[in-house]
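Chemist: Let me begin by handing over the structure; questions about it come next.
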Amino acid sequence: MQNWKIVTAGDSSLLVEFDQEIRPDINRKITATVQLIKAQHIEGVLDMIPAFCSLLINYDPRVVTYEEIKARVGSLLRVEPKSGSQKSRIFEIPVCYGGAYGPDLGTIASHAGLSEEEVIRIHSSQDYLIYMLGFLPGFCYLGGLDERIHTPRLATPRIRIEAGSVGIGGSQTGIYPMDSPGGWQLMGMTPVKTYDPDREVPILVEAGDYIRFIPVDEAEYLRLKELADRNEYQCVIREKEV
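Counting with this note's numbering, you get residues 9 to 250 for the letters of the sequence shown.
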């Protein structure tokens, strides 16, 4: 497995640093470490924030010292996750592609030298690993976008992009969890609320989960949106071994 080291990050945090590469095996190690720490119920741990190549752990220094938590975390890091020993969730996210819902789909297709139908097929043909959350609450940094549909960001970002918009920015794809400015090329819209501050658990997904985009037509999108607006829509969630 890749190298790692533990360093201090202020008076109440430590940072576990892995190889500085964006790789699925590093993400699996980070996810496994988070799960082990949760299972161990280590006293004093307040929060864990996974990123592409690191894991930040916030703790209460009145409960546990830096050296104590460093030793506990270090022992868990030496436990190697076995292939197929972890189960990850796959969230099926319905998307209405193109038209008013995806005004840049034609641009993406033209840049790729493909038809819009081919772009939709490619975009919806695989499970995307959530490496980390950031930028906005519930915004997922996804890995695995097919190189054929990599598309540069807009030269001039939009002032407002509607929550639920699905787009491509360079080598990444993702979902805008709330209304915000943005420069990604918009290809579709989902009724799924990946962030809802009124929900018991506001953010729908976690790092280490996967997203699968499911094409739907406008009628189905409107039906699902009506359910989502009434808080009656439940995402289809499958499991896979990793």
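Just so it is clear, CB atoms sit at the ideal spot from N, CA and C, and this is done for glycine as well.
Computed from a predicted model, the values in this text were never measured in an experiment.
At the level of alpha carbons, what is the spacing between Gly11 and Gly82?
Modeler: In the sequence as displayed, the identity of residue 11 is Asn instead of Gly. Each residue's Cα considered, the two are about 12 Å apart.
Chemist: Run through DSSP, which three-state label would Pro32 get?
Modeler: Helix, per DSSP.
Chemist: May I ask you to report which of helix, strand or coil DSSP gives Ser83?
Modeler: Ser83 falls in the helix class under three-state DSSP.
Chemist: Got a sec? Which residues, its chain only, sit under 6 Å from Asp26 by beta carbon, not counting five neighbours each side?
Modeler: Just to set this straight, residue 26 is Phe in the shown sequence, not Asp. Hits under 6 Å: Gln10, Trp12, Ile34, Cys61.
Chemist: For the pair the segment 132 to 144 and the segment 220 to 231, tell me if three or more CB-CB distances fall below 8 Å.
Modeler: Contact between the segment 132 to 144 and the segment 220 to 231 is present, because at least three Cβ pairs lie under 8 Å.
Chemist: Ends of the alpha helix (DSSP H) at Leu235?
Modeler: Looking at the DSSP string, the run of the alpha helix (DSSP H) that includes Leu235 is 226 to 237.
Chemist: With a threshold of 7 Å, establish whether the CB of Lys37 neighbours any heavy atom of the ligand NAP.
Modeler: The ligand NAP is not part of this structure, which contains no ligands at all.
Chemist: In three-state DSSP terms, what is Arg129?
Modeler: Note: Arg129 maps to helix in three-state DSSP.
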